[in-house]
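Heads up: the sequence shown begins at -19 in this note's numbering, then just goes up one per residue. All C-beta atoms, glycine included, are put in the ideal place defined by N, C-alpha and C. Before any comments, here is the structure.
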Amino acid sequence: RAVKRQAKAAQKASVYEEEDYLLALILKEDSKNEQKCKEELEKYCKALKDSNLNKEEIHEKLKDLCKNDAPERTCKELKTKVQNKCNKLVTKLDGILKKSNSGLTDGDCKENEQECLFLEGACPSDLTENCNKLRNLCYQRKRDKVAKEVLLRAHRSNLNETDICKKKLKEVCPELERESDELMELCLNQKKTCNDLVAEGKNKCDALKKDVQGVLDEKNKLEEKCLLLLKQCYFYVANCEEKDMIKCIELEEKCYEKNIVYIPPGPDFDPTKPEPPIIEEIGLEELYKEAGEEGVLIEKPITADTTSLLSLLTENVNKGKIKEKCDELLERKCKDPEKHNIFEDLCGKGKANENGTQKCEELEKDIEKICKILTPTILKNRLFDKTNKHSGIIGWGELPTFLSDEDCARLESYCFYYKERCPDGKQSCMNVRAACYKRGLDARANKVLQKNMHGLLRGSNQSWLKEFQRKLIKVCKKLKEENKGSFSNDELFILCVQPAKAARLLTHDHQMRTVFLRKQLDQKRDFPTDKDCKELGRK
């Protein structure tokens, strides 16, 4: 495993350090036009010089790239080099996109999303659509992973048999399905969900057994691994064999000797108080915070009504056959004793009741009404352009940046249920999800830089811009050193090598966050909950 990690680190470093990737990122399509390449590179270098910035501190390659005759020499061969890299990525994406969501690996996503970030602007006609598809798949994969982890934690000792899992699922779903669209879908398909959870529970046991034994054998890694493994023991080991439980107890004792103790989520046990909600028991807030650090911001979605759920469950059917599919669905679901609560109003005596029959009759019209609301909202937010040359797909750099958490939660929910039903819904919703994913990824980098640039996030004149850029370079250097000589994420690197652009983006983002915060305060100030106080206090 260590060898693989080192190989990946080397590959990542090569993207950051390779001249062609840097120029493709900065110059975009101009990198493939010799004259424009020369002009824009000279312009970029002049801007750095005018601001008295040390080019080497920004990127070691800039020392040579900004020499007098370097732009002309560099730009002669750059078009071929960049196009070759784009062609290789096109071939890789063609293969990867044939995989299903479950067939993707972390490596598929990390490495190819990174290349898309650096090369898409240089080769938009080749890469825009497939890079968008890749990001949608990887984003959904991350969201699905979080939803599955939520249910694994909720079934802390209920994954030994499928029937026990189903019983527990019926208990926890009414509360958990409101927390994300993915959880709602898992709760709708309880039989499949439990089969998957039982299998995943076994995988977790195998991995935990191996990892715990490895740390017990190599005691020098105890301090580094204790908290992570103790947390995994707490949530997973009750579904494992007794000998695995004994190993977790042994680990707990060894960690205790090092003064390391895992404190489970939720309040302390108090027999005089009611049981805490399941979302507190499983540490949902912490899970969502960890997802946010991966660029995935998960907010409570819109409440899914009957129309939404039936739209989702009949989404693979052509228009005109929705009623027929809906009737078949209710015929099957109404016989199922494990049916979801949503079907209670539609079923009676093992078949569709009058409400159910009428709902199927009206479903297509009800869906059309929703689409008449969704489509203009997407267009208003500039999330679809039917006239562009990428089948309506918007490039990563052109996606809107002014969406709030609430905007994303609402639009993503509508897309989750109606993307297959509304005109141009599939492409529009790919843009919605890409924009919300980008927002989360950008937020990681923006947050860390804004924290370090406090006091310089407002200004517009040239002296302010020079001061901002000088401070940014120092901050970037410090962050890189703290992360063992590399940047913690790609978005951070992109801001650090384009200081003037970073000044514009960071100040704009700060202004937008202030606007959103003011709006939230106006909504919550009269009757804030404890959670509101905690969240808004942090902001």
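In the DSSP assignment, residue -1 falls within the alpha helix (DSSP H) that extends over -1 to 7.
The shortest C-alpha to C-alpha distance from residue 369 to any of 90, 108, 146 and 24 is the one to 108. Of the candidates 397, 332 and 271, 397 places its Cα closest to the Cα of residue 293.
A residue is called buried when at least 16 other Cβ atoms come within 10 angstroms of its Cβ; residue 347 meets this threshold and is buried.
Here residue 442 is exposed: its Cβ has fewer than 16 other Cβ atoms, across all protein chains shown, within 10 Å.
Taking residue 187 as the centre and dropping the five residues before and after it, the same chain places no C-beta closer than 7 Å to its C-beta. The shortest C-alpha to C-alpha distance from residue 433 to any of 404, 487 and 86 is the one to 487. Taking all protein chains shown into account, residue 236 has fewer than 16 neighbouring C-beta atoms within 10 Å of its C-beta and is therefore exposed. Per DSSP, the continuous alpha helix (DSSP H) segment holding residue 64 begins and ends at 50 to 76. In the structure shown, residue 220 adopts coil according to DSSP, grouped into three states.
Residue ranges of uninterrupted beta strand (DSSP E) with 3 or more members are absent from the region 263 to 343; none lies entirely inside it. Residue 162 counts as buried, since at least 16 other C-beta atoms from the protein chains shown sit within 10 angstroms of its C-beta. Below 8 Å, enough C-beta pairs join the region 416 to 427 and the region 469 to 477 to call them touching: three or more. Relative to the Cα of residue 70, the nearest Cα in the group 35, 81, 88 and 106 belongs to 106.
Between residue 15 and residue 245, the alpha-carbon positions lie close to 60 Å from each other. In this structure residue 134 does not touch residue 160 by the C-beta definition: roughly 13 Å separates them, more than the 8 Å allowed.
In this structure, the beta-carbon distance from residue 327 to residue 303 does not fall below 8 Å. In this structure residue 416 is in contact with residue 392, their Cβ atoms being roughly 6 Å apart against a cut-off of 8 Å. By the Cβ-count criterion, residue 513 is exposed, with fewer than 16 other Cβ atoms from all chains shown falling within 10 Å of its own Cβ.
Going by DSSP, residue 254 is part of no alpha helix (DSSP H) at all; its letter is neither H nor E. DSSP places residue 443 in the uninterrupted alpha helix (DSSP H) bounded by 442 to 462.
The alpha carbon of residue -4 has as its nearest neighbour, out of 48, 356, 336 and 466, the alpha carbon of 466. Ranked by how close their Cα comes to the Cα of residue 331, the residues 308, 342, 344 and 343 have 308 in first place.
Note that the C-beta distance between residue 185 and residue 219 is below 8 Å. With the rule of 3 Cβ pairs closer than 8 Å, the region 222 to 238 counts as touching the region 194 to 206. A straight-line Cα-Cα distance of about 14 Å links residue 209 and residue 197.
With fewer than 16 neighbouring CB atoms inside 10 Å of its own CB, residue 435 falls in the exposed class.
If you look at residue 394, you'll find it in the alpha helix (DSSP H) that goes 385 to 398. Between residue 155 and residue 76, the C-beta spacing is not below 8 Å. In summary, residue 229 is exposed, with fewer than 16 beta-carbon neighbours lying within 10 Å of its beta-carbon over all protein chains present. Pairing residue 18 with residue 28 gives a Cβ-Cβ distance that is not under 8 Å. The beta carbon of residue 403 sits closer than 8 Å to the beta carbons of 351 and 355 from its chain, once the five residues preceding and following it are set aside; these are given in chain order. One alpha carbon belongs to residue 146, the other to residue 215, and they sit about 18 Å apart.
Counting only the Cα atoms, residue 140 lies some 19 Å from residue 153. No Cβ-Cβ contact shorter than 8 Å links residue 98 with residue 177. Judged by DSSP in its simplified three-state form, residue 369 adopts coil rather than helix or strand.
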